[in-house]
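Below is one structure; the comments refer to it alone.
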Amino acid sequence: MQQHNLWEILQKNASEKEIVWLTSKSTLPNKGIQTAFVATPRFISRKPLVAENTPFETWTLDRLARVYLLMCLDSSDETAYVDLLETLFDTAEMNEAVALYVALPYLAYPNRWLLRATDAVRSNVGIIFDAIAFHNPFPKTYFNELAWNQLVLKCIFNDKPILLIDGLEERSNQALADTLSDFAHERWAAGRTVPSEVWQLVKGFVTETILEDLKLLQQSNRQEDREVATLLIHNS
Amino acid sequence: MCQKHNEFTQNPSHFEGSQEEQATANLVELDYKEYIKDMKFFDPHIHMTSRTTDDYQALADAGVVAIIEPAFWLGQPRTGLSTFKDYFSSLVGWERFRSSQFGIKHYCTIGLNSREANNEALAEQVMDILPLYLYKEGVVGVGEIGFDDQTPAEEKYYRLQLELAKEAGLPVQVHTPHRDKKKGTERSMAIALEHGIAPEMVIIDHNNEETVKSVLDQGFYAAFTIYPFTKMGNERMVEIVKQYGSERIMVNSAADWGISDPLAIPKTAALMKIKGIADEDIRLVTYQNAITAFAQSGQILVEDFENPVIIDQSLKYNGNTILRGGQQPRVNKDSIFIR
Numbered sequence: 245m246q247q248h249n250l251w252e253i254l255q256k257n258a259s260e261k262e263i264v265w266l267t268s269k270s271t272l273p274n275k276g277i278q279t280a281f282v283a284t285p286r287f288i289s290r291k292p293l294v295a296e297n298t299p300f301e302t303w304t305l306d307r308l309a310r311v312y313l314l315m316c317l318d319s320s321d322e323t324a325y326v327d328l329l330e331t332l333f334d335t336a337e338m339n340e341a342v343a344l345y346v347a348l349p350y351l352a353y354p355n356r357w358l359l360r361a362t363d364a365v366r367s368n369v370g371i372i373f374d375a376i377a378f379h380n381p382f383p384k385t386y387f388n389e390l391a392w393n394q395l396v397l398k399c400i401f402n403d404k405p406i407l408l409i410d411g412l413e414e415r416s417n418q419a420l421a422d423t424l425s426d427f428a429h430e431r432w433a434a435g436r437t438v439p440s441e442v443w444q445l446v447k448g449f450v451t452e453t454i455l456e457d458l459k460l461l462q463q464s465n466r467q468e469d470r471e472v473a474t475l476l477i478h479n480s
Numbered sequence: 035m036c037q038k039h040n041e042f043t044q045n046p047s048h049f050e051g052s053q054e055e056q057a058t059a060n061l062v063e064l065d066y067k068e069y070i071k072d073m074k075f076f077d078p079h080i081h082m083t084s085r086t087t088d089d090y091q092a093l094a095d096a097g098v099v100a101i102i103e104p105a106f107w108l109g110q111p112r113t114g115l116s117t118f119k120d121y122f123s124s125l126v127g128w129e130r131f132r133s134s135q136f137g138i139k140h141y142c143t144i145g146l147n148s149r150e151a152n153n154e155a156l157a158e159q160v161m162d163i164l165p166l167y168l169y170k171e172g173v174v175g176v177g178e179i180g181f182d183d184q185t186p187a188e189e190k191y192y193r194l195q196l197e198l199a200k201e202a203g204l205p206v207q208v209h210t211p212h213r214d215k216k217k218g219t220e221r222s223m224a225i226a227l228e229h230g231i232a233p234e235m236v237i238i239d240h241n242n243e244e245t246v247k248s249v250l251d252q253g254f255y256a257a258f259t260i261y262p263f264t265k266m267g268n269e270r271m272v273e274i275v276k277q278y279g280s281e282r283i284m285v286n287s288a289a290d291w292g293i294s295d296p297l298a299i300p301k302t303a304a305l306m307k308i309k310g311i312a313d314e315d316i317r318l319v320t321y322q323n324a325i326t327a328f329a330q331s332g333q334i335l336v337e338d339f340e341n342p343v344i345i346d347q348s349l350k351y352n353g354n355t356i357l358r359g360g361q362q363p364r365v366n367k368d369s370i371f372i373r
């Protein structure tokens, strides 16, 4: 997503006064943009965006404005640029943190943000985890297999909808499929269930053990379990 | 703390009501919530960092819809800037999230507390990072600041922070000392006025019978902390409201790591109701006055907690409730089974 697209959506959603404020801040030196990022909700409303079929359709206007401001930072000096963003991360309140994590795909020097991104996966704050996990292309592009699998597993463990993860199918792998089988066994032993959509992740990685799991799943009293199991056995 | 418990209960040190009132109070003690079941409360001073999740549950059950957590001393002095920074960040981050899980709106005030102002080398560094936090969403004041031992260092950082508050247009939440309270309170007010801060932008905290008159007469807000043994009892609080009315008076719990009670406000409201204080006066001192005072920051939107269905649009993705961070599931605490 290019900067001008984002600007178009901003123009469509913001008032004249808000656009004037954003324009005046976006041309400031980095330090001024940093302060504007923090102060954004004092000048930009928190209303949900009208932005169908864009990556921003679930965002609020203040969040988009914050991401836009970050894209206006001068990144020519890597050390200064990274330091400034690290300070924002270190001192972020929740909505600032969310804006920072959804902005990761648009920041310069993507490899410098890997630790931040995996920290967000470790977060127990729901909206911060969601910011990195859902509709965010950063993990699928930059996470190694271990980090990717943690993201998916934590999502399942917390009963969150994995289908909102960007790159779910293309990043599925054998290690993840094996871990899911173990996870299902734990849940079943505890008398709990596994959401049926989780089984889509074993597609293409059905081992003997997983095949047994799927056969068991065909006897589940939930229709969606039986359907997904039959489909996977048929395709394996 | 109170070894001779029987002796203590037989000789309540501050009981002000009649024998009849005492009998009624004892009768209703077990179901005081009956008296406040349609009320909602705002606690403008509570240190949830030091409390458990059970307390959030209890607050929500008792009708507390929003709280302010002032930055304070954690029980032992911090030794570096990073721990201050992490603490401030937790007040705008983790604690805010924890609170939201129970449907309680969490605000905070940010400041360098008086005790730790005495470590000047560290205090200087803390002053440098305060502006980063003061402009954040939901930061409704500079606090709690003021005097503890009333040292020159405490005065220096109190004055510097008053200037920060003035510049940011934020209210000031002033801690008054336990020792030499009356003089400390007068001094805190005089200094605020000297810095050109309007008295209605200053909330003088931890008042008692000795300080309240002067605070109100000079136009400041007077907050009362209902806290066992060391601060106000709620029976005394009822007498204060009877005598001074409800204008610019607010109660808080200041619940922290000490023997304190996060339900101090609902309990005090119930006692006021039992003792015949008008509903509107109860609403003012347990809810509205705190909102009026701290909303001068421009950071309080009453819709955020008066509309109990969806608190914040930015916390909702596609109407999917599990993604808002999800309200915590209820646990039956009396059950022997843990599932």
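Protein chains in written order, with our numbering: chain A, 245 to 480; chain B, 35 to 373. We put the beta carbon where it would ideally sit given N, CA and C, even for glycine.
Identity of the residue in 252(B), 91(B), 276(B), 121(B) nearest residue 134(B) by Cα: Minimum Cα-Cα distance from residue 134(B) among the listed residues 252(B), 91(B), 276(B), 121(B) corresponds to 91(B).
Nonlocal neighbours in the same chain, by C-beta distance under 7 Å from residue 407(A), ignoring five residues either side: So the list reads 441, once near-sequence residues are dropped.
Nearest residue (CA-CA) to residue 170(B), options 81(B), 195(B), 214(B), 333(B): Checked all of 81(B), 195(B), 214(B), 333(B); the closest Cα to residue 170(B) is 333(B).
Own chain residues within Cβ distance below 8 Å of residue 395(A), not counting five before or after: In its chain, beyond the 5 residues on either side, 365, 376, 377, 383, 387, 409 have a beta carbon closer than 8 Å to the beta carbon of residue 395(A).
Near-chain A residues of the segment 108-127 of chain B (beta-carbon distance less than 8 Å), N- to C-terminal order: Within the segment 108-127 of chain B, the qualifying residues are 119, 122, 123, 126, 127.
Residue 282(A): contacting residues in chain B (beta-carbon distance under 8 Å): Correct list: 166, 169, 170.
Contact belief for residue 206(B) with residue 235(B) at Cβ below 8 Å, rounded distance in angstroms: Their Cβ separation, rounded to whole angstroms, is 6 Å, which keeps residue 206(B) and residue 235(B) in contact under 8 Å.
C-beta atoms of residue 239(B) and residue 226(B) nearer than 9 Å: Cβ distance not < 9 Å, so residue 239(B) and residue 226(B) don't count as in contact.
Pair within 9 Å by beta-carbon distance, residue 138(B) and residue 164(B): At least 9 Å separates the beta-carbon of residue 138(B) from that of residue 164(B).
Stretch pair the segment 288-305 of chain B + the segment 80-99 of chain B: three plus CB contacts closer than 8 Å: Yes, the segment 288-305 of chain B touches the segment 80-99 of chain B.
Coil, strand or helix - residue 321(B) by DSSP: Note: residue 321(B) maps to helix in three-state DSSP.
Reference residue 247(B), options 280(B), 120(B), 308(B), closest by Cα: For residue 247(B), the nearest C-alpha among the options comes from 280(B).
Span separating the alpha-carbon of residue 372(A) from that of residue 360(A): If you take the alpha carbons of residue 372(A) and residue 360(A), they lie about 11 Å apart.
Start-to-end residues for the beta strand (DSSP E) that takes in residue 259(B): 255-259 is the span of the beta strand (DSSP E), which, as asked, contains residue 259(B).
Other residues of its chain near residue 97(B): CB distance less than 7 Å, five sequence neighbours each side excluded: Answer for residue 97(B): 70, 73, 74, 75, 300, listed in chain order.
Where residue 448(A) sits in the DSSP three-state scheme: Residue state, collapsed to three classes: coil.
Neighbourhood of residue 191(B) by C-beta, 6 Å cutoff - its chain only, sequence neighbours within 5 removed: Counting only Cβ-Cβ distances below 6 Å, and skipping sequence neighbours, we find 146, 151, 157.
Neighbour list for residue 130(B) in chain A, Cβ cutoff strictly below 9 Å: Those within 9 Å of residue 130(B) in chain A are 337, 338, 369.
Under 8 Å by beta carbon: chain B residues contacting residue 334(A): By Cβ distance, chain B contributes 119, 123.
Candidates 179(B), 210(B), 203(B), of which the one nearest residue 329(B) by Cα: Comparing Cα-Cα distances from residue 329(B) to each of 179(B), 210(B), 203(B), the minimum goes to 203(B).
Residue 68(B) in three-state terms, based on DSSP: The DSSP-derived three-state label of residue 68(B) is helix.
Residues bridged to residue 77(B) [DSSP beta-bridge criterion]: DSSP lists 101(B) as the bridge partner or partners of residue 77(B).
Three-state class that DSSP yields for residue 243(B) in the structure shown: Residue 243(B) sits in coil when the DSSP states are folded into three classes, being neither helix nor strand.
CB contact below 9 Å: residue 285(A) versus chain B: Cβ-Cβ to chain B under 9 Å: yes for residue 285(A).
Under 7 Å (Cβ pairs) to chain B, residues found in the segment 349-367 of chain A: Listed by position, the residues of the segment 349-367 of chain A near chain B (Cβ gap below 7 Å) amount to none.
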